[in-house]
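Protein chains in written order, with my numbering: chain P, 1 to 330; chain B, 331 to 660.
Listed below in structure tokens is the structure:
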């Protein structure tokens, strides 16, 4: 039995591994074509893993594709743990189409929620107005509409949405959640379906996109969406760039629908140097970095170890992705 | 029986007043020497109120002193409701010394907590670093130390401190509270006394001053306080300027103790145009405005009406200030 991961990932978990069946081999990748077992190189065709961990460093160093390729070529392949939350990349569809189980990660959820709240609060509370009066040495009041009286629309209610909700509700906001399932919890004031979206947008002061990208959600924020937004509202996108029709967003900003946007994701990444977002005065750009708090690697490793232990004894995996989430029929 | 308030305050509550005893007169002040009953001017010496409401507009228009003077001159004076949270102004001591009951207000607490969280989060989450990379059109990651892993020291745990705590805890921070009472609640991880302050400061990433100003707390943040702070920490003062030795703060900023400060209050207000705070790169200045969300007038009026109803039937007042809080012996 082989378990495949990057060399860096192995360094992070080797002292914390659960008891492995006799004969289990850890195969590590230091480069796309450099696989080793116990420090000795092995031929690529000898890599036939049963399980693989696509850790966060694999996404940063370009090792995801080589690791996924080994799994797809392995007759023994059974389970992949990814450190990503989104699973819309083609490799995940290939993995699940091959009958390999896939579990994703919520390790990024809490820093992403911190990003959402920090950006929303720093726009709702008049920090910019205070900065302007300070620059002019003016002792002047800066009244504002209280956060506690704002209404939020949260599109998507997975791990990220729930972390956003927990923090936003502590401020007393009114929270509407849009999701497929009608199921809700005590943090949510109202749960709506996609069909009700345009009727809720005119009342939402803050709209947060935190859903998965799939055929259903692609281009969800289109011209009709922005046309229905409350003038003065704030848009925050931590989901995927392709959720947004970026031409329609630009037109919306001209009408204050929304008045401001904090965007961490874009249809094309890295964002090209000539993209209009960079110097738009109503737009905040960040580099798909909202989840990069310093705790995500530790949480990701802890999740992999927990799921590995579960996998080995046949217990249900945490965060296992359902085939229907990728549009696969069972 | 006379009840005294400003003309503006009366306009806000006249349709919501509880049933008043027969013969009760509402005396309103439109200017320091212009008192009216039912729209007709009355001589200042004929103003002998039993109760007075020092509403928020009275503080903004200079009517607090004239209203307080009428109460202090009135043989019938029994109760004053103030819209302020702090009661360190000399008039409050005079009022309580005269045996008049005083109740203060928590109407500002929730916007003040919004101010604290907005400023703290916008410094902890790398919004400024993101702004800098955006200005350079650079697609670059901005890693950071997660808010959920920070430790906070909250000095003062009245209405404001508790509202700060409720919001900060939703982010998972470790919360230490410094207060006179050893009593605590489920939001607080640790409660300390003043004697333990210097031993906790070296571990606090965020320090919030939200306590009353009195002989005990004046100059609490002195050279020893800043010398004990964790380098890189954030200081937020929404209490009173005189809690801080401003010379010691300036020296501390040079050593990153604290690295940044958000100050809403100052020893001298309005802050003089030549004060060093205005253009200090590590300091955010606001104009004693942290509580000025658009809900405070409504909350203040609701509290006055509730307390007036209680006063009239002899029920305990909400937020009644104890004589010992002003250093008065019973």
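Glycine residues also receive a C-beta, built at the ideal position from the N, C-alpha and C atoms.
- As the crow flies, the alpha-carbon of residue 528 of chain B is around 15 Å from that of residue 578 of chain B.
- With a cutoff of 7 Å on beta-carbon distance, residue 310 of chain P and residue 317 of chain P are scored as near each other.
- In the DSSP assignment, residue 10 of chain P falls within the alpha helix (DSSP H) that extends over 7-13.
- Bridge pairing for residue 25 of chain P: P:2 [DSSP].
- Across the region 578-606 of chain B, CB contacts with chain P closer than 7 Å involve 600, 601 and 603, in sequence order along the chain.
- Closer than 7 Å to the CB of residue 640 of chain B there is not a single CB belonging to chain P.
- The region 256-264 of chain P makes no contact with the region 438-450 of chain B, as fewer than three CB pairs between them are under 8 Å.
- The beta-bridge partner set that DSSP reports for residue 237 of chain P consists of P:209 and P:263.
- Legend: CB atoms of the region 146-160 of chain P lying less than 7 Å from CB atoms of chain B belong to residues 146, 147, 148 and 149.
- For the C-beta of residue 286 of chain P, the chain B residues within less than 7 Å are, from N- to C-terminus, 460 and 472.
- 7 Å or more divides the Cβ of residue 469 of chain B from the Cβ of residue 258 of chain P.
- Its Cα nearest to that of residue 502 of chain B, the residue B:519 stands out among B:487, B:511, B:514 and B:519.
- For residue 422 of chain B, the enclosing alpha helix (DSSP H) begins and ends at 420-427.
- In the DSSP assignment, residue 130 of chain P falls within the unbroken alpha helix (DSSP H) covering 127-135.
- For the region 515-545 of chain B, no residue has a beta-carbon sitting nearer than 8 Å to a beta-carbon of chain P.
- Between the C-alpha atoms of residue 13 of chain P and residue 301 of chain P there is a straight-line separation of about 7 Å.
- Within the region 138-193 of chain P, the runs of beta strand (DSSP E) at least 3 residues long that lie entirely inside it are, in chain order, 151-155, 174-178 and 190-192.
- Pairing residue 478 of chain B with residue 506 of chain B, the inter-Cα distance amounts to about 14 Å.
- Taking a cut-off of 8 Å for Cβ pairs, the region 422-432 of chain B and the region 116-130 of chain P do not touch, as fewer than three such pairs fall below it.
- Under the DSSP assignment, residue 59 of chain P falls outside any beta strand (DSSP E), being part of the alpha helix (DSSP H) whose first and last residues are 56-61.
- Short of 6 Å from the beta carbon of residue 161 of chain P, and not among the five residues preceding or following it, lie these beta carbons of its own chain, in chain order: 154 and 210.
- DSSP places residue 44 of chain P in the helix class (H, G or I) of the three-state scheme.
- If you check each beta-carbon in the region 159-177 of chain P against every beta-carbon of chain B, the ones closer than 8 Å belong to 166, 167, 169, 170, 171 and 172.
- Between residue 289 of chain P and chain B, the shortest Cβ-Cβ separation is below 7 Å.
- Here the C-alpha atom of residue 109 of chain P lies approximately 28 Å from the C-alpha atom of residue 281 of chain P.
- Within chain B, the C-beta atoms nearer than 8 Å to that of residue 294 of chain P come from 473, 474, 475, 476 and 479, in chain order.
- Around the beta-carbon of residue 379 of chain B, 16 or more other beta-carbon atoms lie within 10 Å, marking it buried.
- Around the C-beta of residue 560 of chain B, 16 or more other C-beta atoms lie within 10 Å, and the residue is accordingly described as buried.
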